[in-house]
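>
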Amino acid sequence: MYRACPDASQRRALTRAFGCARVVWNDCLRDRKEAHAAGLPYVKSAELSRLRITQAKRTEERAWLADVSAVVLQQSLRDLDTAYKNFFDSVKGKRQGRKVGPPRCKSKKDTRQSIRLNTNAFCLQGDGTVYVAKVGNLKVKWSRRLPAAPTSLTVTKDSCGRYFLSFVVDTEPDILPEVEAETGIDLGLSAFAVLSDGRKIDSPRFLRRAEKKLKRLQRELSRKAKGSKNRAKARIKVARQHAKVADQRRDWHHKASTQIIRDSQAVYVEDLAVSGLGRTRLAKSVHDAGWSAFVGMLEYKAALHGRTFAKVDRAFPSSQVCSACGFRDGPKPLHVREWTCSACGTVHDRDHNAARNVLFEGRRIVAAGQAETQNASWSAGKTRTKVPAQRGETGSSRNGQPTQAGIPGL
């Protein structure tokens, strides 16, 4: 993602685009819900496009839809189709992972607003700006070059008023030189991660370190009158502090995960029940650690750089088994950080022993061909990979305006 710096008129144009995309989403969603409640067939996208976009522009109530690019409105309808498909696939069991609920209405009070564009509505300019249809040339802070010509662009506004551009590109995997080391990782709270070779990665605890300032800002926010301009300013200050914490955590995750992937040919990690732990008394510490985001980075970077990655089932007793002789010594309470195997007499550090067991179990899973991820199979590093966008963003065909890779003008 790249930071965008729109001027006042461009911010107003983007606000109109966010609002129009939201209205089209809500209108089409309402039509499908009403049809379902009346027992009518599922309303097709072509019919919704004709009613809620083409004909709506000619009415007095929705004439302002013509003020934004038609691509923005069409992409909003396509995103609704994707949301419905994910919901139907989840209900039928075709989609793995957590259950996906039906699409919901969007609100102008949502902290995150976004629009999606294909190559017909944006292009990279020679002076380093990005042209967006009916918005203008947006100034961009290019932190790195685009690896290939983009096929899709998402413009996002976050809770503290920052604008970001996210490009979808097709690129080949960047295979790293092979190394002999393999790594098992035991994630925790006292130490963020303990590696099977004995290294410990300390937990930075960004949220805990920022709590004092956050408490002060939130107290100031609570004292402001609802609906006042001072309350809006105080809310922005709180959102900026939370965004700073999130940015620090994400940057640290990227650096730590990249270093592990570069140093290891294979990476194995325990599949933790983060959503369950997030409902316990350890919730704040669990969310501050950000295990899910870190494991997700390890997974997609392993696929990008031709490394092997596998998850060990959360039911595997990594803390109960002796990594030296394989004897299962039974469960141990959390306050026991060091124990002696009753079979071979080896003294174990709890976390280091668990990391070694995760390494051995991960090797067994890969050797048995039971790895959950495709990059742990024989095709590791040979399949095309979507980078750098990490979320499931939809691409578009290259039949529109021509775009180019890299940073224009630099």
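Here my numbering is used: the first residue of the sequence shown is 2, the next is one more, and so on. Idealized CB from N, CA, C, for every residue including glycine. Nothing here was measured: the structure is a model prediction, and the numbers come from that model.
#1: At what residue ranges does the region 275 to 352 contain a whole run of the beta strand (DSSP E), taking only runs of 3 or more?
#2: Do the CB positions of Arg23 and Lys86 come within less than 8 Å of each other?
#3: Going by DSSP, what residue range makes up the beta strand (DSSP E) through Asp171?
#4: Got a sec? Which residues, its chain only, sit under 7 Å from Gln242 by beta carbon, not counting five neighbours each side?
#5: Going straight from the alpha carbon of Pro42 to that of Ser276, what length do you get?
#6: So what does DSSP say about Ala369, is it helix, strand or coil?
#7: Taking only the alpha-carbon atoms, compute the straight-line gap between Val180 and Lys227 and give it to the nearest angstrom.
#8: Enumerate in chain order the residues of its own chain whose CB-to-CB distance from Lys387 is below 6 Å, with the five nearest sequence positions on each side excluded.
#9: Please classify Asp289 as buried or exposed, where buried requires at least 16 other C-beta atoms within 10 Å of its C-beta.
#10: According to DSSP, what are the bridge partners of Gly137?
#11: Based on Cα-Cα distance, which residue from Asp32, Ala84, Ala18 and Leu273 lies nearest to Glu66?
#12: Mind checking His37: buried by the 16 CB within 10 Å criterion, or exposed?
#13: So Val136 and Leu15 are supposed to be a Cβ contact under 8 Å. How far apart are they, rounded?
#14: When DSSP labels each residue in this structure, what does Gln266 get in the three-state scheme?
#15: If His336 sits next to Leu177, beta carbons under 8 Å apart, how far is it from one beta carbon to the other, in whole angstroms?
#16: For the alpha helix (DSSP H) containing Arg117, list its first residue and its last residue.
#17: Might you give, ordered along the chain, the residues of its own chain that have their beta carbon closer than 6 Å to the beta carbon of Gly382, omitting 5 neighbours on each side?
Considering the structure as presented:
#1: For secondary structure counted as the beta strand (DSSP E) over 3 or more consecutive residues, the region 275 to 352 holds these complete runs in sequence order: 309 to 313, 339 to 341 and 348 to 350.
#2: Not in contact: Arg23 and Lys86 (Cβ atoms no closer than 8 Å).
#3: Note, Asp171: beta strand (DSSP E), Tyr164 to Thr172.
#4: Taken in chain order, the residues that qualify are Ala211, Lys214, Leu215 and Leu218.
#5: One Cα belongs to Pro42, the other to Ser276, and the distance between them is close to 36 Å.
#6: Ala369: coil per DSSP, three-state reduction.
#7: Using only the alpha carbons, I get a separation of about 59 Å.
#8: Note that Lys387 scores a pLDDT of 44, beneath 50, so its modelled location is shaky and nothing firm can be said.
#9: Asp289 counts as buried, since at least 16 other C-beta atoms from the protein chains shown sit within 10 angstroms of its C-beta.
#10: Answer is Val133, bridged to Gly137.
#11: For the record, residue 66 in the displayed sequence is Leu; it is not Glu. Nearest to Leu66 by alpha-carbon distance, out of Asp32, Ala84, Ala18 and Leu273, is Ala18.
#12: Exposed, because fewer than 16 other Cβ atoms sit within 10 Å of the Cβ of His37.
#13: Sure, about 6 Å apart at Cβ, within 8 Å.
#14: Of the three classes helix, strand and coil, the one that applies to Gln266 here is coil, per DSSP.
#15: Their Cβ separation, rounded to whole angstroms, is 40 Å, which puts His336 and Leu177 out of contact at 8 Å.
#16: Segment Gln114 to Asn119 is the beta strand (DSSP E) holding Arg117; no alpha helix (DSSP H) there.
#17: Unreliable positioning characterises Gly382 in this predicted model, as indicated by a pLDDT of 40, which lies under 50. A coordinate reading is not provided.
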